[in-house]
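S.K.: Supplied in structure tokens, the structure appears directly below.
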Amino acid sequence: MATVIFKPTEACNARCIYCDVVQKKPRAPVTMPLETLELFFSRINEFLREKPGEEMEVIWHGGEPLLLGPDYFYQAFHFQEKHCAQTGSRIRHSIQSNLTLFSREFTDVMKKLGITSFGTSYDPIENLRGLGRKRDSQAYNRRFMEGIRLVEEEGFGWGIIYVVTKLSLAKPLEIFRFLSNFSPSGAFMFNPVLLYGRELEHLKVTPEEYADFLGAIFPVWWRHRNEFPQVEPFSSLVGNLLEDSRSLMCCDSGACAHHHINLLADGSMSQCGRSADWGLLDYGSIFDKSFSEVLADPQRDVLLERNTILPETKCKGCRFWDICHGGCPLDAWSASRSFLHKSEWCYAKKGFIEKYFEPLVNPCAIAGEGWMAKEDSPPPSAQPRKKGRTRKSKPAPEKEESGDLPWINPIGGLGDTLMISGVLKQVVEKDPTRRFNLVARTKYRPMLEGHPAIAHIGHPPPGAGFISTNYWDHMDYRSPGRRAFQILARIFGLKPVEERLYVPWELEDDPAFLELFPWKSRNVLICQSSDSPRKQMGIEKWEALVEMLAGDQVGVFQAGKMQDRYIRGAYSLLGLTTPRQLINLVRHFDAVVTSDNFIMHAAHLCGTPAVVLWGPTDHRVYGYSGQIHLQSQADCEYPGGCLGPENGHLYQIICPQGPAHCLNTLPLATIYRAVMGLLEKP
Amino acid sequence: MSWPRIVCPPNRSLLRSFTERTVAVRVAHPHQAAQAAARVWESGNHLFCVIIDSSFSLDKIELGEDLKHVPLAVMAPSWGKFRHLARRLERLRDFNLRIYLPGDVLENLAGLRILSSLGIHTCAVLGNGRMDWDALTDLMTYAVLELAPHASMEPFSFIASRHDPFSYLEWGALYFDDPKSFLHLDAKGRVALSAAELRNKQFIASSLKEIGEPAEFPAIRDRLQSWRQFFVDNHPCASCGGWKICLGRFAVALPENQGCAGFFLELMDVARQYQARKVQAEELRIWQP
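In structure tokens form, the structure reads like this:
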């Protein structure tokens, strides 16, 4: 999306100490004349008509844009209506304001422009931001809070940019708490103060200091990240490094050359605010050039050249290239007078990730399997492993010491636990030195106790690093057909692996079971059970199946929980077996008929042929090759199945379609034929 | 904002000065409670509860049979002697009541726990916050996480079940001190924002009629927005991890943190556990396929 950083005024009612706008000599005109404003919208229309697939974002910036008053915004809206009748739906407005001038008179026009949220900034430290020449921070704070209250009452959202200065460094957590308390459901972002060429030594921070500032906050955010609003740069880093949800800001995207235009009140255009301030990348005037011409300006080439030159020079081998691209070109120019350098803030990102982010978020990286061992990472030659380096910052744990080992917090069903167990087995097969602690939880302990990858089962101490096994929250899970087992493998730093399950005990027979059961010559284990009612086929259908199988002299045994409904005609094992006993038993059956549950995984583990009945979940995600998968087609609002990504809340809720829910649509004859097909195999 | 409930004395003429309101009447003695409830019903208003604000210890408070169907908030300074109270416990369970005891007396904390374990709903009055926060933490953990059956104990149960990390939680209504939920009237109908302000004769209006739309009434609006001042002033409470469920309610009494922050952080953690337990209740079963 093309983006115009629109600065219709450079006037501001505040005198924030680190702001460039108030320091420089005002250009004439200070406020964009209405004629130029009209031309602006005419240019937007021209651009969008030329490019039918494009959208344009207009970021109202300044100065303080609310100084323009509501009428100015109404004029803008009028010009948009007048000139962009066909293209207006492709214009997105957003605004950055200090909000000290917000009043209800702005509400209507902001909503007309489609603005739903305000970007703003704040600093609880006194005398950094303030109103008027005296920089009155008390007055600023009062009016800011009043503005926030009004904005909330008028139904707008808001987010804060916090500028990290030297004064912030002493109290990172205090500031973080302040912002997260103040904005519990909003968003905020930390940016380092940028003081190009200005003598404000008491405010300057180095990249190292900025990284340490973030590092002091990060563990607190990470530990309860689901309880904090979106906090940058943390949220983006997690998205970019852990979830593959690539979201890069202009300074990291390496693509600002394609999209960005800065427009000043006099109609002059440049790359961005700083390039305009420094007289760089002057793209001419809106009076003379269309946006298409500006976006094609050959001066932009140097910004694009960075993407080919830096990976071979300054950024060669950097494993963070994909999420940084050398940083902001203007930062680079500021330090070196050349765009073809990396940003002087390189360490802020890299240092933070290596020193604070990786040790906590991805202990796998420390143990030797970083996220850069991903399928889509650059070839090894361009990307030396940082094993030694990361180990230096935090030594790899000794084999039998459990103190610093990452903790696995197992969640999900027992089938998930079998997958985790299988993945962990392959982890230790690949690197016999890797070990994990396991959070003691009643349900999972018997399944993982004695596992070669588990050093200790217990309760994690404060500050422990965790690996969560909730693969369903992983971005990959949203791609249709991405297999749960492979996502789990990836969480543990493995490349695509063979899907082998594993249990850390020898499979043994219980003579009592084997002797007491009324075995027949052919025996089938059935399991209707699931924690989700949506994954349970109707009992009548099961009973009909049992009757048909019994008619063929097939012994039918039912496994499940004590509270499951008994299927008439089957030999009930409900509630009589532990999971371990059940796994031991599965291998004695000629076939298993089950829904998507633990027994399905157990059958794969034991090599017992299985017919698996699929409804709201996808056999491509969970089913194993070699099994017969009967997938019903959902005829409802969830064509891909209602228990896919984002629908976890439906798991334990009965399908509103009742007995007509998808799993019940599987034809009985098909199931029967599939089972008999397995039994009749030689 | 819907109209707040009214807290007032059971003054007949006062109660008749408004109708269709939900009213809590405050009396000093239990024997006044039944009559107070009747007066509310007679006046055409709805009874929220009768607040028995007693100066006697709990063991000396006698509730008559005629109060069995009246919602009661029994506030006592202490719980007195257990041997006296024990005789009444069985009967107390039959009432629709919540017992309020000050949380700044250690014996009361033990009393709250005992009452709760006996199935009697209770509320610890945190008052000015000068209390043994560690003991209160123990009590709170019991109230929220103890698996053995027990009656709810406020404010802990309320907070644990409603804590949402993405919003603030105001629980002053448990003590009738939240102008969004309750306005306090004296016998002359003058309006105060809280019981303490009523006692100090700090009125915001001479009658309910002056209030008009509560959300627009300046004193109410300002009180509901007063938390913002902590941020304007960069008050230490604004940077406290427990802010979202404390909202600086001990800022005046405890200008320097004397344990409240630790307590509220712990309470948030307990709330997390409580909510997670609800979600993961299936883990209590032995196994599931």
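So the protein sequences, as listed, match chains A and B.
Mapping of the first sequence onto the working numbering: residues 181 to 862, in sequence order.
Mapping of the second sequence onto the working numbering: residues 5 to 293, in sequence order.
Where a beta carbon is used, it is the ideal one built from N, C-alpha and C, also for glycine.
(1) For the stretch 286 to 320 of chain A, which residues have a CB atom closer than 7 Å to at least one CB atom of chain B, in sequence order?
(2) So with CB distances below 8 Å, who are the chain A contacts of Cys244(B)?
(3) Please name the residue, chosen from Pro232(A), Phe769(A), Arg207(A), Lys861(A), that lies closest to Asp457(A) on a Cα-to-Cα basis.
(4) Nearest-angstrom Cα distance between Ala512(A) and Gly459(A)?
(5) Name the chain A residues that come within less than 9 Å of Trp137(B), Cβ to Cβ?
(6) Would you say Leu71(B) and Leu113(B) are within 8 Å of each other, going by their C-beta atoms?
(7) For Gly550(A), collect the residues of the same chain with a Cβ closer than 6 Å to its Cβ; drop the 5 residues on either side in sequence, then sort them by chain order.
(8) Under 8 Å between beta-carbons, which chain B residues line up against Glu332(A)? List them in chain order, please.
(9) Using the beta-carbon count (16 or more within 10 Å), is Pro612(A) buried or exposed?
(10) Using a 10 Å radius around the Cβ and a threshold of 16 neighbouring Cβ atoms, would you call Asp303(A) buried or exposed?
(11) Within 10 Å of its beta-carbon, does Asn736(A) have 16 or more other beta-carbons around it, so buried, or fewer, so exposed?
(12) Beta-carbon within less than 6 Å of Val603(A)'s beta-carbon, same chain only, minus the 5 sequence neighbours each way: which residues are those?
(13) Just reading off the alpha helix (DSSP H) that Asp815(A) is part of, what are its end residues?
(14) Counting only C-beta atoms, is Arg714(A) closer than 8 Å to chain B at any point?
(15) Are the Cβ atoms of Gly731(A) and Met742(A) separated by less than 8 Å?
(16) Using 10 angstroms around the beta-carbon of Glu285(A), count the other beta-carbons present and answer buried if the total reaches 16, otherwise exposed.
(17) Might you give, ordered along the chain, the residues of its own chain that have their beta carbon closer than 7 Å to the beta carbon of Asp432(A), omitting 5 neighbours on each side?
(18) Looking at the C-beta of Pro352(A), does it have a partner C-beta in chain B at a distance below 8 Å?
(19) Ignore the nearest five residues each way along the sequence and tell me which others in Asp57(B)'s own chain have a CB closer than 8 Å to its CB.
(20) Note down, in chain order, each residue of its chain lying with its Cβ closer than 7 Å to the Cβ of Phe268(B), except the 5 sequence neighbours on either side.
(21) Can at least three beta-carbon pairs, one atom from the stretch 116 to 130 of chain B and one from the stretch 152 to 163 of chain B, be found at a separation below 8 Å?
(22) Kindly provide the ranges of any beta strand (DSSP E) runs that are 3 or more residues long and lie completely inside the stretch 587 to 630 of chain A, ordered along the chain.
(23) Please classify Arg92(B): does DSSP put it in a helix, a strand, or coil?
(24) Helix, strand or coil: how does DSSP classify Ser156(B) here?
(25) I'd like to know if the stretch 183 to 195 of chain A and the stretch 306 to 313 of chain A are in contact, where contact means that at least 3 CB-CB pairs between them fall below 8 Å.
(26) Would you mind stating whether Gly335(A) and Gly299(A) have Cβ atoms separated by less than 8 Å?
(27) Measuring only the C-alpha atoms, how far is Ile224(B) from Pro218(B)?
(28) Since Leu246(A) contacts His273(A) with CB under 8 Å, what's their CB separation in whole angstroms?
(29) What residues in the stretch 399 to 420 of chain A have a beta carbon less than 9 Å from any beta carbon of chain B?
(30) Report yes if the C-beta distance between Trp7(B) and Arg25(B) is below 8 Å; otherwise report no.
(31) Write down every uninterrupted run of the beta strand (DSSP E) in the stretch 269 to 325 of chain A whose length is 3 residues or greater and which is fully enclosed by it, in chain order.
(32) Which full runs of the beta strand (DSSP E) of 3+ residues lie inside the stretch 448 to 484 of chain A, going along the chain?
(33) Which residues in the same chain have their Cβ closer than 7 Å to the Cβ of His382(A), if we skip the five residues on either side of it in sequence?
(34) Just to confirm, is the Cβ distance from Lys700(A) to Val734(A) under 8 Å?
(35) Kindly provide the ranges of any beta strand (DSSP E) runs that are 3 or more residues long and lie completely inside the stretch 198 to 279 of chain B, ordered along the chain.
(36) Work out the CA separation of Gly806(A) and Ala278(B) for me, nearest whole Å.
M.R.: Taking the coordinates as given:
(1) Pro304
(2) Reading the second sequence from its first residue, position 240 is the one you call residue 244(B). Under the 8 Å cutoff, chain A gives Arg357, Asn361.
(3) On the first sequence, residue 457(A) is found 277 positions in, with the first residue counted as 1. With distances taken between Cα atoms, Asp457(A) lies closest to Arg207(A).
(4) Residue 512(A) sits at position 332 when you count from the first residue of the first sequence. Residue 459(A) sits at position 279 when you count from the first residue of the first sequence. Taking the straight line joining both Cα atoms gives about 15 Å.
(5) Locating residue 137(B) in the second sequence gives position 133, where the first residue counts as 1. Simply none; closest approach about 19 Å.
(6) Within the second sequence, residue 71(B) is the residue found at index 67, counting from 1. Within the second sequence, residue 113(B) is the residue found at index 109, counting from 1. Cβ atoms of Leu71(B) and Leu113(B): not closer than 8 Å.
(7) Mapped onto the first sequence, residue 550(A) falls at position 370. Reliability of the predicted coordinates at Gly550(A) is poor, the pLDDT of 40 falling under 50, and the value obtained from them is presented with this limitation in mind. Here the set comprises nothing.
(8) Within the first sequence, residue 332(A) is the residue found at index 152, counting from 1. In chain order: nothing, as chain B lies at least about 10 Å away.
(9) For the purposes of this step, residue 612(A) is taken as the residue at position 432 of the first sequence. Answer is exposed; the Cβ neighbour count stays below 16.
(10) Position 123 of the first sequence, counted from the first residue, corresponds to residue 303(A). By the neighbour-count rule (16 or more Cβ atoms within 10 Å), Asp303(A) is buried.
(11) Along the first sequence, read from residue 1 onward, the residue named residue 736(A) stands at position 556. Checking the sequence, you will find Val at residue 736(A) rather than Asn. That one is buried.
(12) Here the question's residue 603(A) lines up with position 423 in the first sequence. Cβ within range, chain order: Leu668, Ala669, Phe672.
(13) Numbered from its first residue, the first sequence carries residue 815(A) at position 635. Per DSSP, Asp815(A) belongs to no alpha helix (DSSP H) and is neither H nor E.
(14) On the first sequence, residue 714(A) is found 534 positions in, with the first residue counted as 1. Closer than 8 Å: no.
(15) Along the first sequence, one-based indexing puts residue 731(A) at 551. Along the first sequence, one-based indexing puts residue 742(A) at 562. Result no, Cβ atoms of Gly731(A) and Met742(A) do not sit closer than 8 Å.
(16) For the purposes of this step, residue 285(A) is taken as the residue at position 105 of the first sequence. Label assigned to Glu285(A): exposed.
(17) Counting from 1 along the first sequence, the entry for residue 432(A) is found at position 252. For Asp432(A), where only same-chain residues beyond five positions count, the Cβ hits under 7 Å are Ile503, Cys504, His505, Gly507.
(18) Taking the first residue of the first sequence as position 1, residue 352(A) is located at position 172. Closer than 8 Å: no.
(19) On the second sequence, residue 57(B) is found 53 positions in, with the first residue counted as 1. Arg30, Val31, Ala32, Met79, listed in sequence order.
(20) Locating residue 268(B) in the second sequence gives position 264, where the first residue counts as 1. Result list for Phe268(B): Gly246, Ile249, Cys250, in chain order.
(21) yes
(22) 587 to 589, 616 to 619
(23) Reading the second sequence from its first residue, position 88 is the one you call residue 92(B). Looking at Arg92(B) - three-state DSSP - the assignment turns out to be helix.
(24) Residue 156(B) sits at position 152 when you count from the first residue of the second sequence. Reduced to three states, the DSSP call for Ser156(B) is coil.
(25) yes
(26) As a working note, residue 335(A) is residue 155 in the first sequence. As a working note, residue 299(A) is residue 119 in the first sequence. The answer is no: Cβ separation not under 8 Å.
(27) The residue labelled residue 224(B) in the question sits at position 220 within the second sequence. The residue labelled residue 218(B) in the question sits at position 214 within the second sequence. Distance between the alpha carbons of Ile224(B) and Pro218(B) is about 7 Å.
(28) On the first sequence, residue 246(A) is found 66 positions in, with the first residue counted as 1. On the first sequence, residue 273(A) is found 93 positions in, with the first residue counted as 1. Incorrect: roughly 14 Å between the Cβ atoms, too far for contact.
(29) Val400, His404, Asn406, Glu407, Phe408, Pro409
(30) As a working note, residue 7(B) is residue 3 in the second sequence. As a working note, residue 25(B) is residue 21 in the second sequence. Result yes, Cβ atoms of Trp7(B) and Arg25(B) sit closer than 8 Å.
(31) 271 to 276, 297 to 301
(32) 448 to 450
(33) The count along the first sequence starts at 1 and reaches residue 382(A) at position 202. Answer for His382(A): Lys346, listed in chain order.
(34) For the purposes of this step, residue 700(A) is identified with residue 520 of the first sequence, where counting begins at 1. For the purposes of this step, residue 734(A) is identified with residue 554 of the first sequence, where counting begins at 1. Taking 8 Å as the Cβ cut-off, Lys700(A) and Val734(A) qualify as a contacting pair.
(35) 207 to 209
(36) Walking along the second sequence from the start, residue 278(B) turns up at place 274. Walking along the first sequence from the start, residue 806(A) turns up at place 626. The amino acid occupying residue 278(B) in the given sequence is Tyr; Ala does not appear at that position. Tyr278(B) and Gly806(A): Cα-Cα distance of roughly 43 Å.
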